[in-house]
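S.K.:
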Amino acid sequence: MKFAAATIATSLIVMSVMSTPIRRDVNPALIPEFGVEAGVNPTPTGDCDGITGPNGSPILIPCTCPPDRDTFIQSLNTNVNAGFVVNNPSVPVSFPEDNSQASQLARIQTALVTLQNLNGPGIGCPAASTTFLAQQAAIQQGA
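Letter by letter, the sequence shown follows residues -19 to -1, 1 to 124 in mature numbering (1 follows the signal peptide of the UniProt record, and there is no 0).
#1: Suppose you measure from the CA of D30 to the CA of A115; what does that come to, to the nearest Å?
#2: Which residues in the same chain have their Cβ closer than 8 Å to the Cβ of A108, if we skip the five residues on either side of it in sequence?
#3: Roughly how many angstroms lie between the CA atoms of V7 and T91, to the nearest whole one?
#4: Please classify G34 as buried or exposed, where buried requires at least 16 other C-beta atoms within 10 Å of its C-beta.
#5: Looking at G16 and T111, is the spacing between their C-beta atoms short of 7 Å?
#6: Just verifying my parser: in three-state terms, what is the DSSP assignment at V66?
#7: In whole angstroms, what separates the C-alpha of A83 from that of Q55?
#8: Alpha carbon to alpha carbon, what distance is there between E18 and P102?
#9: Could you tell me the alpha carbon to alpha carbon distance between C46 and Q121, rounded to whole angstroms?
#10: Sort P77, S81, I32 by Cα distance to G20 and report the nearest one.
#11: Would you list the residues sitting across from I42 in a DSSP beta bridge?
#12: In terms of residue numbering, what span does the alpha helix (DSSP H) encompassing A10 cover?
Set out below in structure tokens:
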């Protein structure tokens, strides 16, 4: 009887130590802003203006992009808590909260893959529907 009680107690301790840690939502202040508004200058084909391209003209994006910020944050939190993009599990994500260059780049990358896989693998909004790539370049240059 004592052996069974000790075994159960040991099992409970091991399970509590090995269980998945409780996750929390990311700090919204660290989530990069889109820098683009959805639905700008719609065309009859359902395209709207995104970021300005290298030729000086806006890159056309779906008019639903970027998504509602709250929807995006909810998806980002889901992905970060899972440790991978839920809609594309082969893509790992992290969201470190310090201000190092590597952490800032990791946050931008996580935001970008969340955006691009919002509704399924590769089904989301293009990078051109945000300024994420410009923000990434600025971080890489030390700005």
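Glycine residues also receive a C-beta, built at the ideal position from the N, C-alpha and C atoms.
Note that the structure is a prediction, hence the values are computed from the model and not measured.
M.R.: In brief:
#1: Whole-angstrom Cα-Cα distance: 17 Å.
#2: Cβ within range, chain order: L93, L96, Q97, L114.
#3: Cα atoms of V7 and T91: separation of roughly 12 Å, rounded to the nearest angstrom.
#4: That one is exposed.
#5: Taking C-beta atoms as the reference points, T111 and G16 count as a pair closer than 7 Å.
#6: Taken through DSSP and simplified to helix, strand or coil, V66 comes out as strand.
#7: For A83 and Q55, the distance between alpha carbons rounds to 23 Å.
#8: Cα to Cα, the separation comes out at about 23 Å.
#9: Going from the Cα of C46 to the Cα of Q121 covers about 25 Å.
#10: Nearest option by C-alpha distance: I32.
#11: According to DSSP, residue pairing for I42 in a beta bridge involves C29.
#12: Run containing A10: none; DSSP gives neither H nor E here.
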